[in-house]
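Down below is the structure, laid out as structure tokens.
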Amino acid sequence: MLFTDVVIEQGREALGPSARRSVTAVVLAAGLSRRMGRENKLLLPISGEPLIRFVVRAALQARCQRVLVVLGHEAPGVREALVDLPVECVFNEAFEEGIGSSVRVGANAVSDQDAVVFCLADMPNIRANVIDQLIDAFEANPDFVGFQACYGGKRGNPVLWAPSCLPRLRESAGDEGARPLLRKYSETVMLVNVGESSVIDDIDTPEDYSRVSNGVTP
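The numbering of the sequence shown is the UniProt record's numbering, which starts it at 1 and goes up by one.
See the structure below:
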């Protein structure tokens, strides 16, 4: 189903302080960037800053209680790019296995009581408002276990999962990430129309990087 902005607003108005839930953001930043060639795309500059800093900063500005960054490929350089930001870094020794291994490592680092919102490190146009819309939807709709950002009818990222999904997330493997979970729980995954194309705009190739660097959106 499509989750409308009207429902988000109604849910937010109905929430009291006791309805606020603890949410951890996990930024997946361990990948090999194979399609980018020799460059580590997360360290490429955008407006004078390493690309990874943009989504990490968005997570820090959102209503998340913790921000974890899963490192792997060229971990020292990526960690150095974030050295002045108040984030926790965890290392994925199996990063070459694919994004599923990073989902697993991130989920294992999250408290059993926390919801978790997975953000892709190569999406520099994601803003805090996008993450907060997912948190609003989660807090207002306890019958749903997943909340996936979408735009123009297209599914994107980030994706937020309720604490009840952590055991399955901790079993993730391969290159599919949490997609098997999205399929398994399709009836209780809410599509959140965030109104921003940033959620379907990641950087995989030099052409993507050139486009985003020049401010061109999909």
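Cβ coordinates follow ideal geometry from the N, Cα and C atoms, glycine included.
Computed from a predicted structure; not experimentally measured.
Just tell me which of L120, E139, V189 and V87 has its CA closest to the CA of S33.
L120
The alpha helix (DSSP H) with K184 in it runs from where to where?
R179 to K184
Using CA coordinates, which residue listed in V159, L44, L60 and I200 is at the minimum distance from L181?
V159
Give the single residue among L51, I52, D175 and S197 whose Cα lies nearest to the Cα of G153.
S197
How is N108 classed by DSSP in three states: helix, strand or coil?
helix
Could you give the residue range of the beta strand (DSSP E) that holds E176?
Unbroken run through E176: none, as it is neither H nor E.
When you measure from the CB of I203 to every non-hydrogen atom of the ligand MN, does any distance come out below 7 Å?
The ligand MN is not part of this structure, which contains no ligands at all.
Do you know offhand how far V87's Cα is from E80's?
12 Å
Among residues of its own chain, excluding the 5 on either side of K41, which ones have a beta-carbon nearer than 7 Å to its beta-carbon?
S33, L51, D122, I203 and Y209
Confirm, please, whether the CB-CB distance from H73 to A30 is below 8 Å.
yes
Determine the DSSP secondary structure at P158, reduced to helix, strand or coil.
strand
DSSP bridge partner residues for residue 221 (one or two, in chain order):
What the structure shows of the chain is the stretch from 1 to 218, and residue 221 is not part of that stretch, so it cannot be assessed.
Here's the rule: buried if 16 or more other CB atoms are within 10 angstroms of the residue's CB, otherwise exposed. What is I8?
Interpretation of I8 is limited by its pLDDT of 38, a score under 50 that renders its predicted location unreliable; the figure taken from the coordinates is listed afterwards. Burial call: buried.
Going by DSSP in three states, F144 sits in which element: helix, strand or coil?
coil
Ordered along the chain, which non-local residues of its own chain (more than five positions away) have a Cβ less than 8 Å from that of F138?
R21, V23, A115, F144, F147, L160 and A162
DSSP three-state label for R211, please.
helix
Give the DSSP-derived three-state secondary structure of I46 in the structure shown.
strand
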